[in-house]
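Visitor: Here you go, one structure.
Residue numbers (the numbering used here): 7 to 269.
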């Protein structure tokens, strides 16, 4: 039986695609098996000692739309409307998408009743948490008991936005890791966050490096570390502390089993 060269090539391409998809599924299965039992607490072990702790564990999967255009036109609306209530994505990876407060509000409204997404990754966007976004953020963080990671580093959050976020977190009972590095939060905003979060029942990590605050927050920082119930790590790597204050803070962290990331 004669087979045309075109049909032969098409058959080869189809076989390669099937083989590629099969191999990818095998790799994903192996990857999932390897990390399926890995808890975030393992990141405190020696093998993860140099980790930055600024992203969720590798055993969590979901949509990765990093460096895309969800923040433009109605792309985010289209994406959210396409999701079924029974979707299985535990992570929304929306890094660098030009998402502003309008988009953030849409996400908050969607996640208010969602029980699947555990990690919301929104770094390198244009979120400021304005008064316009305040109500939606408060509703979402109060009602949603599933989101454990909230990554908002590299946005445009100032003292005002940090204050709204601090107020919203007062009624939250599930957040474990809050990443706010490289925003525009000064002493006022950092102080509001520290006061609000010191009574948080589940918070393990707070990243606030790269913000324009100074030693004026030192008293509240000490109180936060002393009174937090679940705290495991604090990142203040951009804060210029005096030698005496640094020694005091290190001793305090050692006493309460908190890892201080300061250089």
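Backbone N, C-alpha and C fix where the C-beta goes; we use that ideal spot for every residue, glycine too.
Would residue 210 and residue 251 be called neighbours here (beta carbons separated by less than 8 Å)?
Guide: No. Outside cutoff.
Visitor: Do you know whose CA, among 162, 181, 142, lies nearest residue 152's CA?
Guide: Per the Cα distances, 181.
Visitor: On the three-state DSSP scale, how would you describe residue 149?
Guide: Looking at residue 149 - three-state DSSP - the assignment turns out to be helix.
Visitor: Which partner residues does residue 265 have in the DSSP bridge list?
Guide: Paired residue(s): 239.
Visitor: Under DSSP, the beta strand (DSSP E) around residue 100 begins and ends at which residues?
Guide: Looking at the DSSP string, residue 100 is not in any beta strand (DSSP E), and its letter there is neither H nor E.
Visitor: Could you tell me which residues DSSP puts in a beta bridge with residue 157?
Guide: Paired residues: 127, 185.
Visitor: Quick one, are the C-beta atoms of residue 133 and residue 166 less than 8 Å apart?
Guide: Cβ atoms of residue 133 and residue 166: not closer than 8 Å.
Visitor: What is the rounded straight-line gap between the Cα of residue 118 and the Cα of residue 108?
Guide: Answer to the nearest angstrom: the Cα atoms are 16 Å apart.
Visitor: Could you tell me the distance, in whole angstroms, from the CA atom of residue 85 to the CA atom of residue 100?
Guide: Roughly 12 Å between the two C-alpha positions.
Visitor: So which of 257, 142, 112, 147 has the shortest CA-CA distance to residue 124?
Guide: Ranking 257, 142, 112, 147 by Cα distance to residue 124 puts 147 first.
Visitor: Check each candidate in 69, 185, 129, 235 and name the one with the smallest Cα separation from residue 208.
Guide: Of the listed residues, the one whose Cα sits closest to residue 208 is 235.
Visitor: Please list the segments of the alpha helix (DSSP H) lying wholly inside the segment 207-234, counting only runs of 4 or more residues, in order along the chain.
Guide: Counting whole runs of 4 or more residues, the segment 207-234 contains the alpha helix (DSSP H) stretches 224-233.
Visitor: Given residue 176, which residues of its chain have a CB within under 6 Å of its CB, disregarding the five upstream and five downstream residues?
Guide: 202, listed in sequence order.
Visitor: In the structure shown, what three-state DSSP assignment does residue 49 receive?
Guide: Residue confidence is low: residue 49 scores 38 on pLDDT, short of 50, so the model does not pin down where it sits. Its coordinate-derived value is still stated next. In the structure shown, residue 49 sits in a helix (DSSP, three-state: H, G or I).
Visitor: Going by Cα to Cα distance, which pick from 131, 140, 145, 179 is closest to residue 154?
Guide: The residue with the shortest Cα to Cα distance from residue 154 is 179.
Visitor: Measure the Cβ-Cβ separation of residue 158 and residue 200 and say whether it is below 8 Å.
Guide: Not a contact, by the Cβ cut-off of 8 Å.
Visitor: Could you tell me the alpha carbon to alpha carbon distance between residue 114 and residue 142, rounded to whole angstroms?
Guide: Between residue 114 and residue 142, the C-alpha separation is close to 6 Å.
Visitor: Using the beta-carbon count (16 or more within 10 Å), is residue 263 buried or exposed?
Guide: Residue 263 should be labelled exposed.
Visitor: If you check the beta carbons only, do residue 188 and residue 216 fall under 8 Å apart?
Guide: For residue 188 and residue 216, yes; Cβs fall inside 8 Å.
Visitor: Could you give the DSSP three-state label for residue 68: helix, strand or coil?
Guide: Residue 68: strand per DSSP, three-state reduction.
Visitor: Just checking my contact of residue 184 with residue 228 at CB under 8 Å: how many whole Å lie between their CB atoms?
Guide: 19 Å between Cβ atoms; not a contact.
Visitor: If you drop the 5 nearest sequence neighbours on each side, which residues of the same chain put their C-beta closer than 6 Å to that of residue 139?
Guide: Contacts found: 107, 110, 111.
Visitor: Keeping to the same chain, check which residues put their C-beta closer than 8 Å to that of residue 247; ignore five residues upstream and five downstream.
Guide: Once the five neighbours on either side are set aside, the close Cβ partners of residue 247 are 221, 224, 255, 268.
Visitor: Where residue 24 and residue 79 are concerned, what is the direct C-alpha to C-alpha distance, given to the nearest angstrom?
Guide: Low confidence applies here, because residue 24 scores a pLDDT of 42, under 50, leaving its location unreliable; read the following figure in that light. C-alpha separation (whole angstroms): 36 Å.
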